[in-house]
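J.:
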Amino acid sequence: MPSNAHSLIGLNPDACTSCMICVRECPVWCIDLASHTHEVTEEGARRPKVVHVLDEFTIDFGACMYCGICVDVCPFDALAWSNETDQSAHSASGLVHGIDQLVKWFPASGS
Amino acid sequence: MKQVPVEAWAAELAACRDAGYDVLDMIAGVDRSEWIEVIASVMRTSDAACELVATRLDSDHVIASITDVYAGASWYERELAEMFGVRIAGAHDERPLLRRTDEGAPILLKSTVLGARVLTPWPGDADASDDAKANRRRQRAVGVAEDWLVSDGGSHE
Amino acid sequence: MTSARHYSVPGVPGLAVGVLDLGLACCSMEIGAAITAGLLVPADNTPSEAAVLLVSGTVTDAMAPAVLAAWNALPEPRRAVSFGACANTGGPYWDAPTVLKGIDQVIPIEVYVPGCPPRPEALIAGLAELVIR
Ligand code: SF4
Ligand code: SF4
Chain A
145 MPSNAHSLIG
155 LNPDACTSCM
165 ICVRECPVWC
175 IDLASHTHEV
185 TEEGARRPKV
195 VHVLDEFTID
205 FGACMYCGIC
215 VDVCPFDALA
225 WSNETDQSAH
235 SASGLVHGID
245 QLVKWFPASG
255 S
Chain B
-11 MKQVPVEAWA
-1 AELAACRDAG
9 YDVLDMIAGV
19 DRSEWIEVIA
29 SVMRTSDAAC
39 ELVATRLDSD
49 HVIASITDVY
59 AGASWYEREL
69 AEMFGVRIAG
79 AHDERPLLRR
89 TDEGAPILLK
99 STVLGARVLT
109 PWPGDADASD
119 DAKANRRRQR
129 AVGVAEDWLV
139 SDGGSHE
Chain C
350 MTSARHYSVP
360 GVPGLAVGVL
370 DLGLACCSME
380 IGAAITAGLL
390 VPADNTPSEA
400 AVLLVSGTVT
410 DAMAPAVLAA
420 WNALPEPRRA
430 VSFGACANTG
440 GPYWDAPTVL
450 KGIDQVIPIE
460 VYVPGCPPRP
470 EALIAGLAEL
480 VIR
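In structure tokens form, the structure reads like this:
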């Protein structure tokens, strides 16, 4: 597999801020995410800080057209191309992958 | 690109053929909102020269068939008819191409509502957070016209 | 309608498939790429385990009956592979009223290969899934 093969998209959940930009820009509506916020008060801070926590992030590779728009628009480089071979499934819903799988496809050094 | 009035469409393409452009590459339609643009691309195999001929259909969407000039035009003319609702005057073949009937609005017109985009919940519509402090800016999916969702009881907003 | 061609798959020892390639759009180029890259090797008259219907590309409503007819004409045991986003779910054309939201609405699909288009390697991985099953 060539090193620049655009086969899959990986997610770095620690970099993702749940901003929804990728979800809204995806032309085939195949990204879905859920998050919640909670407040953290840091020592010495006057006000608590609102932090987004990513609960779910899925990409439906059954519909994904590998356009790379999500990778391009993410302001936090939380999405990146992987050159692993696309994984077949025995059902269309088996092509929907969540955080557990997407994090494995996030290239170690970014791309 | 040569821009011609719609009355000159067939004559212009006949002139292209007579100038040695022996292959019709394609005919495409573009919905420019106020008018429909029709573009033909022709090629000359002897020196690989290419020419584009364009015309615009303003009010009545009728254009002359050029199947007598280029036999291969029929396919594209059927496409124009089916996708843009253009009537092809003197068409040899009026069977629909991708649909089994010619019912329903022409699907490549911007004014045509794509049911799937209305019925499918847009993942971008959900607020990222269920928190009341979250940004409540109204968002709309790209390609979904403002007034599509008015009559659905507001399920989207 | 073309008849099934026989291939051996060097990456999956022992696998011989008779593939009826139903290429309906750009994805079908990748089948040629797989052959050119030596991932699929045309084999003459090798008896194959199963006839595989490989549906690649956009299935329009107008084309769906032809896909069904190809499937029905295939001798048992037969299996179907959906190759690429269009065949899997409608892909980039998911919102078009003329396009099927997945070929599995018409024929039973055993393996779904993702990609737009999938790489030739993904085709081989998908065929290997048929064997494992
Ligand atoms: S690559 Fe394109 S189609 Fe796929 S998830 Fe990203 S934006 Fe959506
Ligand atoms: S654009 Fe990036 S940071 Fe924003 S939700 Fe998508 S992956 Fe997360």
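Residue numbers (the numbering used here), protein chains in the order written: chain A, 145 to 255; chain B, -11 to 145; chain C, 350 to 482. Idealized CB from N, CA, C, for every residue including glycine.
Short check: CB of Ser147 (chain A) to CB of Ala474 (chain C), under 8 Å?
T.: Stepping through the first sequence from its first residue, residue 147 (chain A) is reached at position 3. Stepping through the third sequence from its first residue, residue 474 (chain C) is reached at position 125. No; because the gap between Cβ atoms is not below 8 Å, this pair is not in contact.
J.: Check each residue of the stretch 214 to 245 of chain A: if its Cβ is closer than 8 Å to any Cβ of chain C, include it; give the result in chain order.
T.: Taking 8 Å as the Cβ-Cβ cut-off against chain C, the residues of the stretch 214 to 245 of chain A that qualify are Thr229, Asp230, Gln231, Ser232, Ala233, His234, Ser235, Ala236, Gly238, Leu239.
J.: Entirely within the stretch 74 to 110 of chain B and at least 3 residues each: give me those beta strand (DSSP E) ranges in chain order.
T.: For the stretch 74 to 110 of chain B, whole beta strand (DSSP E) runs of length 3 or above, ordered along the chain, are 75 to 77.
J.: If the cut-off is 9 Å on Cβ atoms, which residues from the stretch 427 to 450 of chain C count as contacting chain B, listed in chain order?
T.: Answer set for the stretch 427 to 450 of chain C: Gly439, Trp443, Asp444, Ala445, Pro446, Thr447, Val448, Lys450.
J.: Given a cut-off of 8 Å, decide if Leu371 (chain C) and Thr407 (chain C) are closer than it, judged by their beta-carbon atoms.
T.: Sequence index remark: in the third sequence, residue 407 (chain C) carries index 58 (1-based). Sequence index remark: in the third sequence, residue 371 (chain C) carries index 22 (1-based). Not in contact: Thr407 (chain C) and Leu371 (chain C) (Cβ atoms no closer than 8 Å).
J.: Under the criterion of a Cβ to heavy atom distance below 7 Å, does Leu258 (chain A) qualify as lining ligand 2?
T.: For chain A, the structure presents residues 145 to 255; residue 258 (chain A) sits outside this window and is missing.
J.: Could you work out which residues of chain A lie near Thr108 (chain B), taking near to mean beta carbons separated by less than 9 Å?
T.: Here residue 108 (chain B) refers to the residue found at position 120 when the second sequence is read from its first residue. Under the 9 Å cutoff, chain A gives Trp173.
J.: From the DSSP secondary-structure annotation, give me the bridge partner or partners of Gln(-9) (chain B).
T.: Taking the second sequence and counting its residues from 1, one reaches residue -9 (chain B) at position 3. The partner list for Gln(-9) (chain B) (beta bridge, DSSP) reads B:Ala42.
J.: Can you tell which of A:Ala189, A:Ala159, A:Phe205 has its C-alpha closest to the C-alpha of Leu239 (chain A)?
T.: The residue given as residue 239 (chain A) occupies position 95 in the first sequence. Measuring from the Cα of Leu239 (chain A), the nearest candidate turns out to be A:Phe205.
J.: Please find out if some non-hydrogen atom of ligand 1 comes closer than 7 Å to the beta-carbon of Glu169 (chain A).
T.: Counting from 1 along the first sequence, the entry for residue 169 (chain A) is found at position 25. True, at least one ligand heavy atom lies under 7 Å from that Cβ.
J.: Taking Ala471 (chain C) as the query, report the chain A residues whose CB atoms sit under 9 Å from its CB, ordered along the chain.
T.: What you label residue 471 (chain C) is simply residue 122 of the third sequence in a count that begins at 1. Those are Ser151, Thr229, Asp230, Gln231, Ser232, listed as they occur along chain A.
J.: Along the chain, where does the beta strand (DSSP E) containing Phe201 (chain A) start, and where does it finish?
T.: The residue labelled residue 201 (chain A) in the question sits at position 57 within the first sequence. First-last of the beta strand (DSSP E) with Phe201 (chain A): 193 to 204.
J.: State the beta-bridge partners of Asp216 (chain A) as determined by DSSP.
T.: Along the first sequence, one-based indexing puts residue 216 (chain A) at 72. According to DSSP, Asp216 (chain A) bridges with nothing at all.
J.: Please return the same chain residues whose Cβ sits closer than 7 Å to the Cβ of Met71 (chain B), not counting the five positions on each side in sequence.
T.: The residue you call residue 71 (chain B) lines up with position 83 of the second sequence. Closer than 7 Å at Cβ, skipping near neighbours: Gly17, Pro94, Ile95, Leu96.
J.: Any heavy atom of ligand 2 inside 7 Å of the beta-carbon of Ser162 (chain A)?
T.: Indexing the first sequence from 1 puts residue 162 (chain A) at position 18. Yes, the beta carbon of Ser162 (chain A) sits closer than 7 Å to at least one heavy atom of ligand 2.
J.: Tell me His182 (chain A)'s beta-bridge partners as DSSP assigns them.
T.: Within the first sequence, residue 182 (chain A) is the residue found at index 38, counting from 1. The partner list for His182 (chain A) (beta bridge, DSSP) reads A:Val195.
J.: For Leu389 (chain C), which residues from the same chain have a beta carbon less than 7 Å from its beta carbon, with the 5 sequence-adjacent residues on both sides left out?
T.: Locating residue 389 (chain C) in the third sequence gives position 40, counting from the first residue. So the list reads Tyr356, Val358, Ala383, once near-sequence residues are dropped.
J.: Please determine whether the Cβ atom of Cys165 (chain A) lies at a distance below 7 Å from any heavy atom of ligand 1.
T.: On the first sequence, residue 165 (chain A) is found 21 positions in, with the first residue counted as 1. Reading the sequence as shown, one finds Ile at residue 165 (chain A) and not Cys. For ligand 1, not one heavy atom lies less than 7 Å from the Cβ of Ile165 (chain A).
J.: Going by other Cβ atoms of all chains shown within 10 Å of its Cβ, with 16 needed for buried, is Ala77 (chain B) buried or exposed?
T.: Mapped onto the second sequence, residue 77 (chain B) falls at position 89. So Ala77 (chain B) ends up on the exposed side.
J.: Please compile the residues from chain B whose C-beta is within a distance smaller than 9 Å of the C-beta of Ala411 (chain C).
T.: Your numbering for residue 411 (chain C) matches position 62 in the third sequence. Here the neighbours are Pro84, Leu85, Leu86, Arg87, Arg88.
J.: Helix, strand or coil for Arg5 (chain B)? Go by DSSP, reduced to three states.
T.: Residue mapping note: residue 5 (chain B) aligns to position 17 of the second sequence, counting from 1. Helix, per DSSP.
J.: State the Cα-Cα distance for the pair Val368 (chain C) and Cys208 (chain A), rounded to the nearest angstrom.
T.: As a working mapping, residue 368 (chain C) is identified with position 19 in the third sequence. As a working mapping, residue 208 (chain A) is identified with position 64 in the first sequence. Each residue's Cα considered, the two are about 26 Å apart.
J.: Count the other CB atoms within 10 Å of the CB of Asp453 (chain C); is the residue buried (16 or more) or exposed (fewer)?
T.: Taking the first residue of the third sequence as 1, we reach residue 453 (chain C) at position 104. Buried is the call here.
J.: Would you report the Cα separation of Val215 (chain A) and Leu223 (chain A), rounded to the nearest angstrom?
T.: Translated into positions along the first sequence, residue 215 (chain A) becomes position 71. Translated into positions along the first sequence, residue 223 (chain A) becomes position 79. Each residue's alpha carbon lies about 5 Å from the other.
J.: Along the chain, where does the alpha helix (DSSP H) that runs through Ser62 (chain B) open and close?
T.: The residue you call residue 62 (chain B) lines up with position 74 of the second sequence. Segment 61 to 72, the alpha helix (DSSP H) holding Ser62 (chain B).
J.: Assuming contact is defined by CB atoms lying nearer than 8 Å, are Gly464 (chain C) and Asp230 (chain A) in contact in what I supplied?
T.: As a first step, residue 464 (chain C) is located in the third sequence; it is residue number 115 there, counting from the start. As a first step, residue 230 (chain A) is located in the first sequence; it is residue number 86 there, counting from the start. A contact, by the Cβ cut-off of 8 Å.
J.: At 9 Å on the CB atoms, spell out the chain C contacts of Ala104 (chain B), in chain order.
T.: Against the second sequence, residue 104 (chain B) aligns to sequence position 116. Per Cβ cutoff of 9 Å: Gly439, Trp443, Asp444, Ala445, Pro446, Lys450.
J.: Ser47 (chain B) and Glu65 (chain B): beta carbons closer than 8 Å?
T.: Counting from one through the second sequence, the residue named residue 47 (chain B) turns up at place 59. Counting from one through the second sequence, the residue named residue 65 (chain B) turns up at place 77. It is not a contact, given that the beta carbons lie outside the stated cut-off.
J.: Helix, strand or coil, according to DSSP, for Leu155 (chain A) in the structure here?
T.: Here residue 155 (chain A) refers to the residue found at position 11 when the first sequence is read from its first residue. Strand at Leu155 (chain A).
J.: Answer yes or no: does any C-beta atom of chain C fall closer than 8 Å to that of Cys170 (chain A)?
T.: Translated into the one-based positions of the first sequence, residue 170 (chain A) becomes position 26. Chain C contact via Cβ: absent.
J.: In angstroms, rounded to a whole number, what distance separates the CA positions of Ala61 (chain B) and Glu82 (chain B)?
T.: Your numbering for residue 61 (chain B) matches position 73 in the second sequence. Your numbering for residue 82 (chain B) matches position 94 in the second sequence. Roughly 12 Å separates the two Cα atoms.
J.: Can you list, in chain order, the residues of its chain whose CB lies under 8 Å from that of Ile165 (chain A), leaving out five sequence neighbours each side?
T.: For the purposes of this step, residue 165 (chain A) is taken as residue 21 along the first sequence, with counting starting at 1. The answer, listed in chain order, is Val217, Cys218, Pro219.
J.: Alpha carbon to alpha carbon, how far is Ile380 (chain C) from Val167 (chain A)?
T.: Translated into the one-based positions of the third sequence, residue 380 (chain C) becomes position 31. Translated into the one-based positions of the first sequence, residue 167 (chain A) becomes position 23. The straight-line gap from Cα to Cα measures roughly 32 Å.
J.: Rounded to whole angstroms, what's the CA-CA distance from Thr438 (chain C) to Ile458 (chain C)? Just pull it up for me.
T.: Along the third sequence, one-based indexing puts residue 438 (chain C) at 89. Along the third sequence, one-based indexing puts residue 458 (chain C) at 109. C-alpha separation (whole angstroms): 12 Å.
J.: At a CB distance below 7 Å, what residues from the stretch 24 to 54 of chain B approach chain C? Give them in sequence order.
T.: For the stretch 24 to 54 of chain B, which is checked against every Cβ of chain C, not one residue is closer than 7 Å.
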